[in-house]
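Everything below concerns the one structure shown next.
In UniProt numbering, the protein residues as written are 1 to 329.
Written out as structure tokens, the structure reads:
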């Protein structure tokens, strides 16, 4: 086997616009099937995307013996149950972030993965596979900006559609779950550590049943990381990483256009250096990295312990916001 044959659970927008085209252009994967609860919709999307097989149920796709791996971009509340079903059907699974609704929700998935060590399971935090983040990580690890002291992150978009899944509490919506999880993940990634305590504030803006604007502080040993995420303001994103000898700014940290170059600003000893980052598609890089782990029976680049640790912090921020006080981890 030289290529992984992928099946996609649902016709979610992120799959149609980003992940499916990325896999189709990847070196190690091909998309052979897509499923929807509506067979006509599945067929229409398959025809538009150039996918051979379309299924009118998720079960039918999981029963296809010609599928090696599943991509699960379903609403958050369906990540765990359908990822479990996929593993039990003998498929490797790449599940969209966040992998579950909370730590307790993730337990059945982690238990199932433990029963099937021959199968690969990974949470799809695609940003880590972009060269701008790999360069930022290398600069931090090499001490290019000295000891890290602060990490600040902003990420927002404007979604006022009451019927959108991201505005549904039952489906695991809200700003923190959808985009705040990036602020948690990147701080842990750069600092190679877990926060000792967190302070969170969540605002539903009265009209909505989920948080619309959320901010959090995360205290690490010698460093503070903070983020604000919003689903009800104009789109914006940036990350500022500051050390005692310099700083790094990533201008489009999470969703740079596929195969476009990006820029990273490095400040050191009063000098500013703009670094051009090579064009890259982080969805494709992620898919190929996951496929390589399958083909060569290697550990996945981001283990599920990382997904669990990220969810632990996310849960603590929710608890903190409800208690209106610091929560220790």
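Idealized CB from N, CA, C, for every residue including glycine.
9 Å Cβ cutoff met for residue i and residue j
| i | j | result |
| --- | --- | --- |
| residue 282 | residue 265 | no |
| residue 154 | residue 304 | no |
| residue 69 | residue 91 | yes |
| residue 193 | residue 221 | yes |
| residue 34 | residue 136 | no |
| residue 43 | residue 58 | no |
| residue 217 | residue 325 | no |
| residue 259 | residue 280 | yes |
| residue 121 | residue 156 | no |
| residue 229 | residue 179 | yes |
| residue 20 | residue 130 | no |
| residue 177 | residue 314 | yes |
| residue 94 | residue 119 | no |
| residue 209 | residue 167 | yes |
| residue 182 | residue 127 | yes |
| residue 302 | residue 39 | no |
| residue 327 | residue 188 | no |
| residue 10 | residue 284 | no |
| residue 294 | residue 4 | yes |
| residue 55 | residue 66 | no |
Residues near residue i by beta carbon distance below 6 Å, same chain, minus five either side
| i | result |
| --- | --- |
| residue 23 | 6, 29, 31 and 287 |
| residue 152 | 226 and 240 |
Residue closest to residue i, alpha-carbon to alpha-carbon, out of the options
| i | options | result |
| --- | --- | --- |
| residue 184 | 56, 224, 170 and 160 | 224 |
| residue 158 | 278, 270 and 231 | 231 |
| residue 308 | 90, 4 and 109 | 109 |
| residue 238 | 310, 177 and 133 | 133 |
| residue 269 | 146, 217, 105 and 254 | 146 |
| residue 233 | 117, 247, 211 and 329 | 211 |
| residue 323 | 275, 235, 201 and 293 | 201 |
| residue 45 | 207, 8 and 60 | 8 |
| residue 186 | 50, 48 and 306 | 306 |
| residue 75 | 142, 117, 12 and 125 | 12 |
| residue 160 | 235, 297 and 60 | 235 |
Buried versus exposed call for residue i [16 or more other C-beta atoms within 10 Å across all chains shown]
| i | result |
| --- | --- |
| residue 205 | exposed |
| residue 1 | exposed |
| residue 195 | buried |
| residue 96 | buried |
| residue 17 | exposed |
| residue 253 | buried |
| residue 316 | buried |
| residue 175 | buried |
| residue 272 | exposed |
| residue 111 | exposed |
| residue 249 | buried |
| residue 333 | With the chain running from 1 to 329 in the structure shown, residue 333 is simply not present. |
Beta-carbon contacts of residue i that lie in its chain and below 7 Å, excluding the five residues immediately before and after
| i | result |
| --- | --- |
| residue 85 | 62 |
| residue 243 | 145, 146, 147, 148 and 149 |
| residue 261 | 276, 277, 278 and 279 |
| residue 247 | 145, 240, 241 and 267 |
| residue 27 | 288 |
Cβ of residue i within 9 Å of any chain D Cβ
| i | result |
| --- | --- |
| residue 110 | Considering every chain present, this structure includes no chain D. It has just one protein chain. |
Neighbourhood of residue i by C-beta, 8 Å cutoff - its chain only, sequence neighbours within 5 removed
| i | result |
| --- | --- |
| residue 339 | Missing from the structure shown is residue 339; the chain here goes from 1 to 329 and no further. |
| residue 14 | 73 and 96 |
| residue 311 | 98, 99, 100, 102, 103 and 106 |
| residue 203 | 211, 212, 213 and 214 |
Residue i: CB within 8 Å of a non-hydrogen atom of the ligand SAH
| i | result |
| --- | --- |
| residue 144 | With respect to small molecules bound, the structure shown includes none, and the ligand SAH cannot be examined in it. |
Three or more C-beta pairs closer than 8 Å, one from the region 100–117 and one from the region 68–85: is that the case here?
The region 68–85 and the region 100–117 touch, with three or more beta-carbon pairs separated by less than 8 Å.
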